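Accompanying notes for the structure given below.
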Amino acid sequence: MRAMLIDDEKPALMHLERLLRTDGRIEPAVLCTSAREGLERLEQEAVDAVFLDIGMPEMNGLEAAEYIQQARPGIAIIFVTAYSDYAVEAFDLQAIDYLLKPIGTPRLQKAIDRIVPSVQARQAAGVPSAPVSSAADEERPPADILTFRRLELVDPESGDVRAIKWRTAKAQELFAYLLHQGEQWVRRDELIDLLWPDAPIDKSAAYLHTSVYQLRKMLKEWNPRLQLEYRQESYRLLRGGASSDAELFERGSEQLPRDAAGRMSGLQRLLAMWRGGYLEQHDYGWAENRADELKRLRLRLTLELAERERESGSPQEAIRRLSALQGEEPFAEDVCRELMRSCEAAGDKRQAREHYLSLERLLQEELGVRPESQTERLYERIRS
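Residue 201 in UniProt numbering sits at position 201 of the sequence shown, with consecutive numbering throughout.
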């Protein structure tokens, strides 16, 4: 459980950090000396709670709390101040607690007793500790582990994407498979059968031990939050809060806002995460089912966004988006239909007809079938 601490008084900031580290339940992960710095860091950092001083220059804590709640609805906010006058306003902003300086250990422990259940309930509901980020508005990838197109890791300090130099391809596949399984236990025999199906049992067991050693060494160097556990002839990968882009993509699709503007913005952020199919460059047979599920989800989200762009007066954006998708999914008639509608909305009926005729030729030459009836009806309407 990670917290951001915001206070313009450094001694008070360091005092609160020491108290939290002594308690041990909440990690004081991000320290800021102004509200503006805190708001900027909040766009980049995954935190579950914010300890926020009220009496700060430029922007006070009450004003900052309103921005924080807009950016991260439901995040736990704990006000810290030397004055009790703000208590009513603080609780009007739905703060979890209100701490008076100087903060003592017993009072902080009571506050943490309130914070922990609130954060755990939020996590159980699947609410991420950080907003889904966009490659368009951030250089730092939104996830710690990248699985779209190829497996890559994000440096937890710099945010740079790191190409790990694996000692063996099997060590890399071991990591990918345990990641793929979530935090579920995987039997040792299952891993051996998956990775070394043709090797003698004594050699395959030795290969597994070597790969486990290499993986543990890599995790220690890259991000110690991740732990490889072994118990009762089984392994599992504990991620310590580290997330993958595929998980954020799936979770984000379930948490899109309902209002039109918010939903369109959310769709754009999600689709910006897509770098390619799930682990597609590694050719792992066991990953194919999930890869297909993610591909279908991406198709559905792209079609929805393109339709919204067309209906909101931006058909050219929809055409650009759909043309790229059609290159990957040439037989998808729903993509062709939306592309035809977008061309029509842009005033280019000739191009809309060309898309239909290209699809018609492709289906006839490759599959020996005609387009679906709804595709033909759309073509006849545009042609007339």
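Beta carbons are placed, not taken as given, at the ideal position from N, Cα and C, and that holds for glycine.
From a predicted model like this one, the values you see are computed outputs, not experimental measurements.
Beyond the five residues adjoining it in sequence on each side, R114 comes within less than 6 Å, by CB distance, of I96, D97 in the same chain, given in chain order. In this structure, the CA atom of L297 is about 13 Å from the CA atom of M273. By the 16-neighbour rule on beta-carbons within 10 angstroms, T147 is buried. Taking a cut-off of 8 Å on C-beta distances, the segment 29 to 43 touches the segment 65 to 72, as three or more cross pairs fall below it.
Secondary-structure assignment with DSSP links A49 through a beta bridge to A3, A76.
Pairing H355 with T375, the inter-Cα distance amounts to about 11 Å.
Contact annotation: R162 and E152 have beta-carbon atoms nearer than 8 Å. Rounded to whole angstroms, L367 and E190 show a C-alpha spacing of 39 Å. Its chain contains R2, A3, M4, A29, V30, I75, S129, A130 as the residues whose beta carbon lies nearer than 8 Å to that of V47, once the 5 sequence neighbours on both sides are disregarded; these appear in chain order. Between P156 and N60, the C-beta gap is not smaller than 8 Å, which leaves the two residues out of contact.
When C-beta atoms of the segment 284 to 303 are compared with those of the segment 264 to 271, three or more pairs fall below 8 Å, so the two segments count as touching. P11 carries a helical assignment under DSSP once its states are collapsed to helix, strand and coil. Remark: C-beta atoms of L99 and V80 approach each other more closely than 8 Å. Take the alpha-carbon of A324 and the one of L108: they are about 54 Å apart. As DSSP reads the structure, S234 sits in a beta bridge with R187, R231. Counted as a single uninterrupted DSSP element, the alpha helix (DSSP H) harbouring V212 occupies residues 201 to 222. Just so you know, the alpha carbons of R320 and I54 end up roughly 47 Å apart. When rounded, the separation of the alpha-carbon atoms in E307 and R350 is 20 Å. In the pairwise beta carbon analysis, the segment 205 to 225 is classified as not touching the segment 247 to 264: fewer than three pairs are separated by under 8 Å. Between the alpha carbons of E372 and E333 lies a distance of about 8 Å. E152 is bridged by DSSP to L146. With contacts defined as CB atoms closer than 8 Å, L215 and E229 fail to qualify as a contacting pair. Contact check for R236 against V186 passes: the beta carbons are separated by less than 8 Å.
Rounded to whole angstroms, the separation of the alpha carbons of K101 and I77 is 16 Å.
The C-beta distance from R25 to I103 rounds to 15 Å, too long to fall under 8 Å, and the pair is not in contact.
A distance below 8 Å between beta-carbons, with the five flanking residues on each side excluded, links T22 to the following residues of its chain, in chain order: T105.
Exclusion of the five residues before and after E45 leaves V30 as the residues of its chain whose Cβ lies within less than 6 Å of its Cβ.
As the crow flies, the alpha-carbon of L20 is around 29 Å from that of D160. Cβ-Cβ distances below 6 Å link R263 to L256, P257 in the same chain, with the five nearest sequence neighbours on each side left out; the list follows chain order. Each residue's CA atom was taken as its position, placing R275 and E247 some 14 Å apart. If you draw a straight line from the Cα of E233 to the Cα of A205, it is about 12 Å long. Judged by DSSP secondary structure, Y284 falls outside any alpha helix (DSSP H); it is assigned neither H nor E. Here the C-alpha atom of L52 lies approximately 17 Å from the C-alpha atom of V116. Between the alpha carbons of R150 and H15 lies a distance of about 43 Å.
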